[in-house]
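Just below is one structure, and these are the notes that go with it.
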Amino acid sequence: MQLSKDELLRAYRMMKTIREFEERLHVEFATGEIPGFVHLYAGEEASATGFCMHLDERDKIASNHRGHGHSIGKGCDVDAMMAEIYGKATGLCSGKGGSMHIADLSKGMMGANGIVGGGPPLVCGAGLAAKKLKTGGVAIAFFGDGASNQGTTMESLNLASVWNLPCIFVVENNGYAEATSSKYSVSCDDAADRASAFNMPGVVVDGHDFFAVYEAAGEAVRRAREDSAPTLIEVKINRYYGHFEGDAQTYRGKDEVKNIRATKDCLDKFRAKVTSAKLLENSDLDAIDADIAEIIDNAVDRAKAAPKPPVAELLTDVYISY
Amino acid sequence: MSLDDHTAAVGILANPAAGRDIRRLVAQASVFPIAEKRNMVTRLFSSLGGLGVGIVYMMPDRTGIADRIRHALETPPPAGQIWPRVEFLDMPIEDSAADTLAAVELMVARGVGGIIVLGGDGTHRLVAAKAGDIPITALSTGTNNVFPAMREATIAGLAAGLVATGQIPAAQAATRNKALRIDVNGAERDMALVDLCTSTTLWVGSRALWSAEGLDQLFLSFAEADAIGLSSIGGLLRPVTRSADAGLWLNLAEPGAGTMTVTAPLAPGLMVDIGIEAINDMRPGEAVPLRASRGVVALDGEREIEFSPTDKLSVRLEWDGPLTLDIPGVMTYAAQNGLLTRMDETSRHAKLRGD
Numbered sequence: 001m002q003l004s005k006d007e008l009l010r011a012y013r014m015m016k017t018i019r020e021f022e023e024r025l026h027v028e029f030a031t032g033e034i035p036g037f038v039h040l041y042a043g044e045e046a047s048a049t050g051f052c053m054h055l056d057e058r059d060k061i062a063s064n065h066r067g068h069g070h071s072i073g074k075g076c077d078v079d080a081m082m083a084e085i086y087g088k089a090t091g092l093c094s095g096k097g098g099s100m101h102i103a104d105l106s107k108g109m110m111g112a113n114g115i116v117g118g119g120p121p122l123v124c125g126a127g128l129a130a131k132k133l134k135t136g137g138v139a140i141a142f143f144g145d146g147a148s149n150q151g152t153t154m155e156s157l158n159l160a161s162v163w164n165l166p167c168i169f170v171v172e173n174n175g176y177a178e179a180t181s182s183k184y185s186v187s188c189d190d191a192a193d194r195a196s197a198f199n200m201p202g203v204v205v206d207g208h209d210f211f212a213v214y215e216a217a218g219e220a221v222r223r224a225r226e227d228s229a230p231t232l233i234e235v236k237i238n239r240y241y242g243h244f245e246g247d248a249q250t251y252r253g254k255d256e257v258k259n260i261r262a263t264k265d266c267l268d269k270f271r272a273k274v275t276s277a278k279l280l281e282n283s284d285l286d287a288i289d290a291d292i293a294e295i296i297d298n299a300v301d302r303a304k305a306a307p308k309p310p311v312a313e314l315l316t317d318v319y320i321s322y
Numbered sequence: 001m002s003l004d005d006h007t008a009a010v011g012i013l014a015n016p017a018a019g020r021d022i023r024r025l026v027a028q029a030s031v032f033p034i035a036e037k038r039n040m041v042t043r044l045f046s047s048l049g050g051l052g053v054g055i056v057y058m059m060p061d062r063t064g065i066a067d068r069i070r071h072a073l074e075t076p077p078p079a080g081q082i083w084p085r086v087e088f089l090d091m092p093i094e095d096s097a098a099d100t101l102a103a104v105e106l107m108v109a110r111g112v113g114g115i116i117v118l119g120g121d122g123t124h125r126l127v128a129a130k131a132g133d134i135p136i137t138a139l140s141t142g143t144n145n146v147f148p149a150m151r152e153a154t155i156a157g158l159a160a161g162l163v164a165t166g167q168i169p170a171a172q173a174a175t176r177n178k179a180l181r182i183d184v185n186g187a188e189r190d191m192a193l194v195d196l197c198t199s200t201t202l203w204v205g206s207r208a209l210w211s212a213e214g215l216d217q218l219f220l221s222f223a224e225a226d227a228i229g230l231s232s233i234g235g236l237l238r239p240v241t242r243s244a245d246a247g248l249w250l251n252l253a254e255p256g257a258g259t260m261t262v263t264a265p266l267a268p269g270l271m272v273d274i275g276i277e278a279i280n281d282m283r284p285g286e287a288v289p290l291r292a293s294r295g296v297v298a299l300d301g302e303r304e305i306e307f308s309p310t311d312k313l314s315v316r317l318e319w320d321g322p323l324t325l326d327i328p329g330v331m332t333y334a335a336q337n338g339l340l341t342r343m344d345e346t347s348r349h350a351k352l353r354g355d
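Quick note, the sequences are listed as chains A and B, same order. Under this note's numbering, the first residue of the first sequence is numbered 1, with each subsequent residue one higher. Under this note's numbering, the first residue of the second sequence is numbered 1, with each subsequent residue one higher.
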């Protein structure tokens, strides 16, 4: 699991872009300018990055309501994402999808999804297509501990196993399904335990450590790509904000997030590891920080200045006749 | 019996996290369900309670074993069984190795006469770090372990109960183990019970050491030919028993690049070719410096310490590992001394009558 300097820089840039995007949205949402809901991915960056670093143009992902990190990881344009969240015509989906329906099929990003457990069935389809067309592609569904309880997820795990599909099911267990603790709502102790019932390996990884996720993800991707075999990986992780922006988080302990930020932050851990190993300099990472800050600033400015979708296009792209 | 200072107490540490690592993906390592750990614990209760152990201290957790035990305690034990009182230790839960360390410290402070451990090599390593001279009853919950054995919990509970209740002296029932201690920049950092391996891999990553790639040096406190994991490399070349006054250290190489190549079972279902440059006996107290300038140190199969060119590391073999119960020995002693037998009433009356 040796990464080149360029790969390390790419991983940090991806995580930092997600973090800066989400931290800025946290601030901007409070101004009331953003329509609809946003569910922030801050704190979970190592998960999307650890997986997406292994993907290429052959591969597809399906995301969930907390989809900004996955979208950035799969290469969606940050300007167009920000515009989409602001509901502007320059957005990835022409401003009609918003945060929870961001999609860019040209990048293999099959969509954020407002339906809990909506992603796993989609990757079965994408995995089946890749297998039949022999593209070598893999399909990854990112979903939460809440979705791990959904019937759609169980059916997808079963189908992927029965058909030996090149699919990876990633449970990003951040401890809460909205406000309900996964300790209460998930009947098994680790969602990864469910894999054995579907005759596939189930693994738990520390989602605060990019290198832990990257290593496990690499093996799962290899297994899918080379052997057309599915895997379930549970990433134990924490989110820094509420289920949605505006969530008072009365269900979380006092200083819970503060302590996690202080001791487990994936960006801090990454920086400490690569600089102490003398693989990167702090200045390398500082330069990325500055660059990303400017990119996000510009994305927000452009999104605010962009036009709204014209009324004449109200129904465009909404209903499709097959 | 009232729960006073004379009540026999035992600690049970069941690691909920054991058995979910990457070896389930890269090898055919077993999955050990939480439900079975819970069943093992209740079987321990039956044995311990039947022998007069009054209280069991357990580590709390957020992942299910504690809840399932509490649920089991809500209903009376099966007919004919006596279960001890069970107390979950009052401690913060971090869902990390720190929980195990804290729980063992509390068990020791409460004066337990033994600690029964359900886990793998890594869990036993953590318990050993804090158990002092409290004897450990080692139970494996998986197929990837060397230090603990796969045993029936009922029997392990009997052995632990016999010792905790003073029916068998601990000094007679327990065996001292060796330990591999690692010093970093002149200060002791950590220890391993079975194997300590360096790898040129730079990251702790997903922790379990599952690939031969980058393996550099291997230190073994004992090496059995029928073991699984890293210690099998030494075990297949020069077996060393747990009681031998020596260990092994090996310099490893790419297959074909050393003086010989051994095919070793690195994980369940995973046979790997390992090149051997050199194999040496390791004497207690001898400090062997590590030759790699950068990489990770794996303790009992789990990557734990990342080191860089500025660090100086060395490994020592010491006879200061934990005490572990010799379960067959304890049960043999119990049999020879009739500790689990009693005369039937009819037999006694017959003797009184002189029949």
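Even for Gly, the Cβ is constructed at its ideal location relative to N, Cα and C.
Item                                                                                                                                                                                                    : Value
Along chain A, in chain order, which residues have C-beta atoms closer than 8 angstroms to that of B:Val272?                                                                                            : Near B:Val272 there are no residues of chain A at all, since even the closest Cβ is about 15 angstroms away, more than 8 angstroms.
Could you tell me whether the stretch 66–85 of chain A touches the stretch 37–56 of chain A, where touching means 3 or more Cβ pairs closer than 8 angstroms?                                           : yes
Would A:Gln2 pass as an interface residue toward chain B - the criterion being a Cβ-Cβ separation below 8 angstroms?                                                                                    : yes
Measure the Cβ-Cβ separation of B:Ser231 and B:Val127 and say whether it is below 8 angstroms.                                                                                                          : no
Does DSSP put B:Ile279 in a helix, in a strand, or in coil?                                                                                                                                             : strand
Can you find a CB in chain A that lies within less than 8 angstroms of the CB of B:Glu188?                                                                                                              : no
Chain A partners of B:Gly205, CB-CB under 7 angstroms?                                                                                                                                                  : Met1, Phe211, Ala212 and Glu215
What residues in the stretch 25–40 of chain B bring their beta carbon closer than 7 angstroms to a beta carbon of chain A?                                                                              : Leu25, Val26, Val31, Pro33 and Ile34
Which full runs of the beta strand (DSSP E) of 3+ residues lie inside the stretch 144–177 of chain A, going along the chain?                                                                            : 167–173
CB-CB under 7 angstroms to A:Thr153, same chain, minus the five flanking residues each way: which ones, in chain order?                                                                                 : Gly117, Pro120, Phe143 and Ala147
Grab me the residues of A:Gly242's own chain with a C-beta within less than 6 angstroms of its C-beta, minus the 5 sequence neighbours each way, in chain order.                                        : Gln249
Using DSSP with H/G/I as helix, E/B as strand and the rest coil, what is B:Met343?                                                                                                                      : coil
Starting from the C-beta of A:Glu33, find all residues in its chain whose C-beta is less than 8 angstroms away, skip the five residues before and the five after it, and write them out in chain order. : Tyr86 and Lys304
Counting contacts by CB-CB distance shorter than 8 angstroms, is B:Glu304 in contact with chain A?                                                                                                      : no
Start and end of the beta strand (DSSP E) containing B:Arg303?                                                                                                                                          : Glu302 to Phe307
Under 7 angstroms, CB to CB, which of the residues in the stretch 275–294 of chain A have a partner in chain B?                                                                                         : Ser276, Ala277 and Lys278
For the alpha helix (DSSP H) that A:Cys124 lies in, which residues bound it at each end?                                                                                                                : Gly119 to Leu133
Label B:Leu248 either buried or exposed according to how many other C-beta atoms from any shown protein chain fall within 10 Å of its C-beta, with 16 as the threshold for buried.                      : buried
So the alpha helix (DSSP H) A:Met14 belongs to, where does it begin and stop?                                                                                                                           : Lys5 to Phe29
Label B:Trp83 either buried or exposed according to how many other C-beta atoms from any shown protein chain fall within 10 Å of its C-beta, with 16 as the threshold for buried.                       : buried
In this structure, how does DSSP classify B:Arg176 when only helix, strand and coil are distinguished?                                                                                                  : strand
Could you tell me whether the Cβ of B:Leu202 comes closer than 8 angstroms to any Cβ of chain A?                                                                                                        : yes
Would you call the stretch 126–135 of chain A and the stretch 95–106 of chain A touching, i.e. three or more CB-CB distances under 8 angstroms?                                                         : no
Give a yes or no on whether the C-beta atoms belonging to A:Lys236 and A:Gly207 are separated by under 8 angstroms.                                                                                     : yes
Tell me which residues share the same chain as A:Glu135 and place their Cβ nearer than 6 angstroms to its Cβ, disregarding the 5 neighbours each side in the sequence.                                  : Note that residue 135 of chain A is Thr in the sequence shown, not Glu. Closer than 6 angstroms at Cβ, skipping near neighbours: Arg58.
Which of the three DSSP states is assigned to A:Val257 in this structure?                                                                                                                               : helix
So, for B:Leu3: in the same chain, excluding its five sequence neighbours on each side, which residues have a beta-carbon less than 8 angstroms away from its beta-carbon?                              : Residue confidence is low: B:Leu3 scores 43 on pLDDT, short of 50, so the model does not pin down where it sits. Its coordinate-derived value is still stated next. Once the five neighbours on either side are set aside, the close Cβ partners of B:Leu3 are Gly54, Ile55 and Arg85.
If you follow the beta strand (DSSP E) that A:Ser185 is part of, which residue opens it and which one closes it?                                                                                        : It is not in any beta strand (DSSP E) - A:Ser185 instead sits in the alpha helix (DSSP H) that spans Ser182 to Ser185.
List, in order along the chain, the chain B residues whose C-beta lies closer than 7 angstroms to that of A:Pro201?                                                                                     : Arg24 and Leu25
Rounded to whole angstroms, what is the Cα-Cα separation between B:Val117 and A:His26?                                                                                                                  : 46 angstroms
Taking 8 angstroms as the limit between beta carbons, can you name the residues of its chain near B:Met1, skipping five residues before and five after?                                                 : Low confidence applies to B:Met1: its pLDDT is 37, below 50, so where it sits in the model is not reliable, and the reading given next is rough at best. Result list for B:Met1: Thr7, Gly52 and Gly54, in chain order.
From which residue to which residue does the beta strand (DSSP E) around B:Val146 run?                                                                                                                  : Unbroken run through B:Val146: none, as it is neither H nor E.
Take A:Thr316 and list the residues in its own chain whose beta-carbon comes closer than 7 angstroms to its own, dropping the five residues that flank it on each side.                                 : none
I'd like to know if the stretch 38–47 of chain B and the stretch 102–111 of chain B are in contact, where contact means that at least 3 CB-CB pairs between them fall below 8 angstroms.                : no
Under DSSP, the beta strand (DSSP E) around B:Leu248 begins and ends at which residues?                                                                                                                 : Gly247 to Ala253
Buried or exposed: which applies to A:Asn199, given that a residue is buried once 16 or more other Cβ atoms fall within 10 Å of its Cβ?                                                                 : exposed
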